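Q:
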Ligand code: SAM
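Residue numbers (my numbering): 106 to 481.
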């Protein structure tokens with residue numbers, strides 16, 4: 106083992122040539138994901154938190170040390186992971202755990218940490234409507250945990266999901282996307298945003314059967330994964346409202362896209378169903394940014410990334426300048442200049458975290474194309 110520091114935590118991680126060869130998984134690149142999650146928990150101040158797929162325990166330990174959460178559960182199905190979680194919790198809390206079940210240990214009193222060895226679905230089924238903040242951070246798709254998670258989180262709680270099956274959601278494996286997400290994915294420059302929106306749309310449909318609506322606090326794409334922080338809203342009307350946020354996307358060969366809110370697809374060649382509502386709550390992101398300025402962050406890109414998210418126009422889909430140029434036989438123009446031209450005409454236009462070459466705007470397709478042509 107080697108000891109690494111991340112945020113306020115120090116943890117033992119297995120030594121391995123490649124991260125996927127290690128007996129227990131730890132990916133330092135995901136420190137940004139964990140930073141943002143710590144900030145989210147810091148702003149939301151849940152009392153009870155579950156890190157359902159915990160591996161080394163790093164995520165739940167950071168929630169314990171870096172946020173006001175009072176009771177944090179760390180769970181993994183792998184006994185090697187569970188033993189490492191026990192060690193890492195001892196290392197960070199400086200207290201010995203007390204066995205409270207065959208596969209369960211409790212640490213501390215005012216700040217309580219529970220380490221658990223079990224299938225996450227079984228634990229979540231046991232802890233019905235218990236957690237204020239429930240985090241799913243799986244290998245691949247979170248879908249196999251989604252139903253039990255929606256029952257284990259409180260009715261007005263927060264569900265945080267990571268999905269690393271980007272190939273599936275972005276259309277490289279279309280049949281897998283149909284199978285897992287019951288949705289048609291799009292390929293090309295819109296695939297990441299559409300993939301994120303398919304993921305959210307699927308959670309909306311799963312939640313609706315429990316009479317739960319979904320508010321997107323923040324959702325993003327980064328380093329080949331998707332992440333969403335979703336606040337649940339209790340009631341059939343809230344669920345109906347969220348279902349109304351679903352719809353479909355079309356795109357032609359010039360790069361023009363259209364989208365429409367609708368439960369059923371209305372045109373052939375549509376992609377979805379997918380979420381067409383907001384990808385952020387501006388107040389929530391602003392609060393996270395404020396906290397980020399004073400909080401010790403583990404990843405040097407966390408702050409600039411949050412700033413991009415905070416400044417981004419929250420409108421569905423974007424124009425990738427390289428794709429647009431290629432599709433219309435034009436030279437690629439400078440992104441900043443295209444944005445400038447659109448703003449001068451009175452439109453809103455910003456960069457987007459989805460791609461360093463893309464912009465979000467409320468201008469129609471023709472105007473964006475005109476701006477690109479003006480720079481030839
Ligand atoms: N959350 C961790 C972090 O931030 O470093 C990484 C988690 S890792 C991507 C996924 C973990 O899920 C693995 O440790 C694996 O053993 C565990 N896992 C897989 N299937 C599980 C299941 N059904 N129940 C509980 N844990 C499971």
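For glycine and all other residues, C-beta sits at the position ideal for the given N, C-alpha and C.
Predicted model, so just to flag it, every value in this text is computed and none were measured.
1. Check residue 292 in the structure and name its three-state DSSP category.
2. At least one CB of chain D closer than 9 Å to the CB of residue 371: is that the case?
3. Output yes or no for whether 9 Å exceeds the beta carbon distance between residue 289 and residue 375.
4. Report yes if the CB atom of residue 265 is closer than 9 Å to the CB atom of residue 248, and no otherwise.
5. Is there at least one non-hydrogen atom of the ligand SAM closer than 8 Å to the beta-carbon of residue 247?
6. Just to confirm my understanding: we take residue 203, look at its own chain, exclude 5 residues before and 5 after, and list those with CB closer than 7 Å. What are they?
7. Is the separation between the beta-carbon of residue 255 and that of residue 317 shorter than 9 Å?
8. Using 8 Å for Cβ pairs, my map puts residue 425 next to residue 231. What's the rounded Cβ distance?
9. Please list the segments of the beta strand (DSSP E) lying wholly inside the region 330 to 397, counting only runs of 3 or more residues, in order along the chain.
10. Following a CB-centred definition, is residue 243 positioned closer than 8 Å to any heavy atom of the ligand SAM?
11. Just mark residue 372 as buried or exposed, buried being the case when its beta carbon has 16 or more other beta carbons within 10 Å.
12. Apart from the five residues on each side of it in sequence, which residues of its chain come closer than 8 Å, Cβ to Cβ, to residue 111?
13. Could you spell out the range, first to last residue, of the alpha helix (DSSP H) harbouring residue 246?
14. Please classify residue 359 as buried or exposed, where buried requires at least 16 other C-beta atoms within 10 Å of its C-beta.
15. Suppose only complete runs of 3+ residues qualify. What are the beta strand (DSSP E) ranges in the region 421 to 451, listed by chain order?
16. If you measure from the CB of residue 191, is any heavy atom of the ligand GTP nearer than 8 Å?
17. Between 160, 338, 472, 198, which lies nearest to residue 429 when the distance is taken from Cα to Cα?
18. Fully enclosed by the region 161 to 215, which alpha helix (DSSP H) runs are 4 residues long or longer?
19. In whole angstroms, what is the alpha-carbon distance linking residue 555 and residue 122?
20. Report yes if the C-beta distance between residue 157 and residue 183 is below 9 Å; otherwise report no.
21. Determine which residues share a DSSP beta bridge with residue 221 and list them.
A: Once the coordinates are examined:
1. For this step, residue 292 is matched to residue 187 along the chain shown. Three-state result, residue 292: coil.
2. Absence of chain D from the displayed structure is noted, only one protein chain being present.
3. As a first step, residue 289 is located in the chain shown; it is residue number 184 there, counting from the start. As a first step, residue 375 is located in the chain shown; it is residue number 270 there, counting from the start. Against a cut-off of 9 Å, the Cβ pair of residue 375 and residue 289 comes out as a contact.
4. The residue given as residue 265 occupies position 160 in the chain shown. The residue given as residue 248 occupies position 143 in the chain shown. In terms of Cβ geometry, residue 265 and residue 248 do not form a close pair [threshold 9 Å].
5. Counting from 1 along the chain shown, the entry for residue 247 is found at position 142. Answer for residue 247: no, Cβ out of range of the ligand SAM.
6. Taking the first residue of the chain shown as 1, we reach residue 203 at position 98. 210, 211.
7. Translated into positions along the chain shown, residue 255 becomes position 150. Translated into positions along the chain shown, residue 317 becomes position 212. Here residue 255 is near residue 317, since their CB atoms are less than 9 Å apart.
8. The residue given as residue 425 occupies position 320 in the chain shown. The residue given as residue 231 occupies position 126 in the chain shown. That belief does not hold up - the Cβ atoms of residue 425 and residue 231 are roughly 46 Å apart, past 8 Å.
9. With a minimum length of 3 residues, the continuous beta strand (DSSP E) runs that stay inside the region 330 to 397 are 330 to 339, 351 to 356, 362 to 366, 376 to 380.
10. The residue given as residue 243 occupies position 138 in the chain shown. For residue 243, the Cβ falls inside the 8 Å cut-off from some heavy atom of the ligand SAM.
11. The count along the chain shown starts at 1 and reaches residue 372 at position 267. Counting other Cβ atoms within 10 Å of its Cβ, residue 372 stays below 16 and is therefore classed as exposed.
12. Residue numbering aside, residue 111 sits at position 6 when the chain shown is read from its first letter. Closer than 8 Å at the Cβ level, and outside the excluded window around residue 111, lie 133, 136, 139, 163, 167, 403.
13. Position 141 of the chain shown, counting from 1, holds the residue named residue 246. Here residue 246 belongs to no alpha helix (DSSP H), and DSSP marks it neither H nor E.
14. Numbered from 1 along the chain shown, position 254 holds the residue referred to as residue 359. Label assigned to residue 359: exposed.
15. Counting whole runs of 3 or more residues, the region 421 to 451 contains no beta strand (DSSP E) stretch at all.
16. Absence of the ligand GTP from the depicted structure is noted, with the ligand SAM being the only ligands included.
17. The residue given as residue 429 occupies position 324 in the chain shown. Looking only at 160, 338, 472, 198, the smallest Cα-Cα distance to residue 429 is reached by 472.
18. The qualifying runs are 163 to 171, 184 to 198.
19. A query on residue 555 cannot be resolved here, the shown segment of the chain reaching from 106 to 481 and no further.
20. Translated into positions along the chain shown, residue 157 becomes position 52. Translated into positions along the chain shown, residue 183 becomes position 78. At least 9 Å separates the beta-carbon of residue 157 from that of residue 183.
21. Walking along the chain shown from the start, residue 221 turns up at place 116. Checking the DSSP bridge columns, you'll see residue 221 partnered with 180, 209.
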